[in-house]
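Q: Residue numbers (the numbering used here): 1232 to 1423.
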């Protein structure tokens, strides 16, 4: 119990420093906890960029505290390179930042899931020079992905946060609500 309390205090203390722009690696928390973690990764990590599926807030906070370095979350997909990225001043965990300079982004209604753009939540659509031209030899699938105005429909549900960054909150397809009301992908059944 004491170990968990100290660990939470360490993370909270390091994040407070980082929010003020202090990425110091020689605090008491580094000596007690974080130096061991950094050494297990080689001791030389000086920046982390996450471009995969959205990370949980806990993973982001832990990583920022443990590595005491820039930790930037980005949003993109195979059909479009990085469309949104956190800025150096954006320290919110679980958000993917603002649209990159060459990207237009809009949210569109998804009535079947009760998401409406007027409520600052909907399917993320991207128009950019970084969007792909289409699927090789598959015009039908390309038309499904890119509409006649050139918007790529990502299938991801995003929400504009109060400070105008995008947070990924759901998928348009392949998700269901569990008994707790939380959206999650279907479970895979493995057969041997």
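The beta carbon of each residue, even a glycine, is placed where N, CA and C say it ideally should be. Bear in mind the structure is a predicted one, so any value in this text is a computation, not a measurement.
(1) From the DSSP output, read off the bridge partner residues of residue 1346.
(2) I'd like to know whether the C-beta atoms of residue 1325 and residue 1287 end up nearer to each other than 9 Å.
(3) Please go through the same chain and pick out, in chain order, the residues whose beta-carbon is closer than 8 Å to the beta-carbon of residue 1395, but skip the five residues on each side of it.
(4) How many Å lie between residue 1291 and residue 1239 at the Cα?
(5) Quick one: give me the first and last residue of the beta strand (DSSP E) that residue 1294 is part of.
(6) Mind checking residue 1310: buried by the 16 CB within 10 Å criterion, or exposed?
(7) Determine the contact status of residue 1316 and residue 1305, defining contact as a CB-CB distance below 9 Å.
(8) Does the region 1329-1339 come into contact with the region 1385-1404, if we say contact requires no fewer than three beta-carbon pairs (one atom in each stretch) closer than 8 Å?
A: Reading it off the structure:
(1) 1341
(2) In contact: residue 1325 and residue 1287 (Cβ atoms closer than 9 Å).
(3) If you ignore the 5 residues before and after residue 1395, its C-beta comes within less than 8 Å of the C-beta of 1329, all in its own chain and listed in chain order.
(4) Rounded to whole angstroms, the gap between the alpha carbons of residue 1291 and residue 1239 is 14 Å.
(5) No beta strand (DSSP E) holds residue 1294; the alpha helix (DSSP H) holding it covers 1288-1298.
(6) When all chains shown are included, residue 1310 counts as buried.
(7) yes
(8) Three or more Cβ pairs closer than 8 Å define a contact, and the region 1329-1339 meets that threshold against the region 1385-1404.
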